[in-house]
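The next block holds one structure in the form of structure tokens; read it before the comments.
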Amino acid sequence: MRSTRSRIIHALSFELIGLAIVIPAFSLLFGVDMGEGGVVAVVGATLATVWNYLYNLGFDHALLRLQGHTTKSLPVRILHALLFEAGLLLALLPFIAWYLGVSLWQALQMDIAFALFYLVYAFVFNWLYDLIDPPRRPA
């Protein structure tokens, strides 16, 4: 299992790199002012950072209980990313609609675009992070 320090570094670096990519892309894709797109992205990143920590902690505990270690196979990595993004999508939808003054349908399209980006990004980032800082096997 990862240390608390490693989990915090993981969550913060994930969000900061993601923001640097997603704010300009979101603004260009949806024609939203960079400031408004930035607010949506920062609120989403803040919520995602908390969710990331709690979700990964819970997921690792579940893996440890189910398989005796926290190493993720390819299918488990895919499930991990899908479940993470589904939870975040549900949490962000009402905020996006309210803040940008768009319909739920438009907010859903924006939220799905965020989710698709972060789905791929989370998969790649987590795989690379595991290579740089491999999960520890319990003693």
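Reading the sequence shown from the start, the letters are residues 12 to 150 in my numbering. The beta carbon of each residue, even a glycine, is placed where N, CA and C say it ideally should be. Note that the structure is predicted; figures quoted are calculated from it, not measured.
Rounded to whole angstroms, what is the Cα-Cα separation between residue i and residue j?
i      : j      : result
Ile28  : Asp44  : 20 Å
Leu127 : Gln117 : 15 Å
Ile166 : Gly55  : In the structure as shown, the chain begins at 12 and stops at 150. Residue 166 is therefore absent and cannot be evaluated.
Phe134 : His80  : 19 Å
Tyr110 : Val33  : 17 Å
Asn67  : Pro35  : 27 Å
Asp122 : Gly98  : 12 Å
Arg148 : Ser17  : 15 Å
Leu139 : His72  : 21 Å
Ala22  : Arg88  : 16 Å
Leu130 : Asn137 : 11 Å
Leu93  : Gln78  : 20 Å
Ala52  : Leu30  : 7 Å
Ala59  : Asp144 : 21 Å
Ser14  : Trp62  : 17 Å
Gly69  : His91  : 11 Å
Arg76  : Leu101 : 27 Å
Leu141 : Ser24  : It is Asp, not Leu, that sits at residue 141 in the sequence shown. Cα-Cα distance, rounded: 13 Å.
Thr57  : Leu103 : 11 Å
Glu96  : Gly46  : 24 Å
Leu74  : Pro105 : 31 Å
Tyr132 : Leu85  : 15 Å
Locate the alpha helix (DSSP H) running through residue i, then write down its first and last residues.
i      : result
Arg148 : Counting along the chain, Arg148 falls outside any alpha helix (DSSP H), and DSSP gives it neither H nor E.
Gly46  : Met45 to Gln78
Met121 : Leu115 to Ile143
Arg13  : Run containing Arg13: none; DSSP gives neither H nor E here.
Gly98  : Leu85 to Leu111
Judging by CA-CA distance, which residue of the options is the nearest neighbour of residue i?
i     : options                         : result
Tyr64 : Gln120, Leu115, Val51 and Ile19 : Ile19
Glu26 : Gly49, Ser38, Ser84 and Pro86   : Gly49
Ser38 : Glu96, Phe125, Phe95 and Ser24  : Phe125
Gly42 : Val113, Pro105 and Pro146       : Val113
Leu40 : Gln120, Tyr132 and Pro146       : Gln120
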